[in-house]
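K.L.:
Using this note's numbering, read the sequence shown as starting at 311 and increasing by one per residue.
Note that the Cβ used here is the ideal one computed from N, Cα and C, for glycine as well.
Note that this is a predicted model, so its numbers are computed, not measured.
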Amino acid sequence: MGKVLSVLNRQINRFNAENRAHRILSKDKPIPAPKHPSTSKQINEYLSETTEIRNDLMMKHKQLDENLKKVYVISHRTVNEMLSKPSDMARLPKSRKTVEDSELGYQEPECIPVGYITLKQAMKILVDHQEDSKKYNASFFSSQYNLNAEDAENLLKYFSCFKIHIPEKAVIPGGKDKIFLRPAIAQEKQEVKKIDVQK
């Protein structure tokens, strides 16, 4: 049933199509809505001011045509180079080896541009600066890693390694001050002293 209806619809749509097309084409163009008086006034002023420019644009300039004839493009590539598509081998990645897991979780770049450092180098800079800030200052790092002096100073100023802060006294809201974690703090201090002695 559906096929019969579609065939009938198609026949009805195609019936007298040429006459209908001629009738639509012979109609006059739709009349645009009248413009607002203020808008029409502005348009008339603009047209009266720019008559010379419009006439100049409509005229054909021989000098401009001659200039266009002198312009041409020289291609340094051959047609075969332009039409050839890159081979499948060129699209494949250069390195096909499996990447080993690094300690930071991503592959370190082999080539580092001048003025940049890797995350591992930044961490080493911060650790060295924390150990001896007089020896490892901004000028030392800027010369060693080819960094801008201002960038090295900002790195040391705004970034630092993590520091563990264990409070000796903790305040519990709504209650009196209660001292807790005292044994853990004492043990932590002893471990820190041992590390300092070993250094």
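Would you call the CB atoms of C471 and L436 closer than 7 Å?
P.N.:
Going by C-beta atoms, C471 is nearer than 7 Å to L436.
K.L.:
Does the Cβ-Cβ distance between F469 and A462 come in under 7 Å?
P.N.:
No, the Cβ-Cβ distance between F469 and A462 is not below 7 Å.
K.L.:
What's the C-alpha gap between I427 and Y455?
P.N.:
Near 7 Å, if we compare the C-alpha coordinates of Y455 and I427.
K.L.:
Identify which residue in S358, Y356, Q431, I353 has its Cα closest to the Cα of L457.
P.N.:
Nearest of S358, Y356, Q431, I353 to L457, Cα basis: Q431.
K.L.:
In terms of residue numbering, what span does the alpha helix (DSSP H) encompassing S316 cover?
P.N.:
It spans 312-324 - the alpha helix (DSSP H) in which S316 sits, taken as one unbroken run.
K.L.:
Given that a residue counts as buried once 16 or more other Cβ atoms are within 10 Å of its Cβ, and exposed if not, what is L378?
P.N.:
The residue in question, L378, is exposed, as its Cβ has fewer than 16 Cβ neighbours within 10 Å.
K.L.:
Between V409 and Q417, which are expected to be in contact by the criterion C-beta below 8 Å, what is the C-beta distance as a whole number of angstroms?
P.N.:
Contact flag correct, Cβ pair sits at about 5 Å.
K.L.:
Assign L374 to one of two classes, buried (16 or more other C-beta atoms within 10 Å of its C-beta) or exposed (fewer than that).
P.N.:
So L374 ends up on the exposed side.
K.L.:
F451 lies in the alpha helix (DSSP H); which residues open and close that run?
P.N.:
Segment 448-454, the alpha helix (DSSP H) holding F451.
K.L.:
Out of L466, D411, S412, state which residue places its alpha-carbon closest to the alpha-carbon of D438.
P.N.:
Selected option, being the one with the closest Cα: L466.
K.L.:
Locate the alpha helix (DSSP H) running through R364, then write down its first and last residues.
P.N.:
Note, R364: alpha helix (DSSP H), 361-368.
K.L.:
On the three-state DSSP scale, how would you describe F469?
P.N.:
It is coil, neither helix nor strand.
K.L.:
Leaving out the 5 sequence neighbours to the left and right, which residues in its chain are closer than 8 Å to N329 when beta-carbon positions are compared?
P.N.:
Correct list: empty, nothing qualifies.
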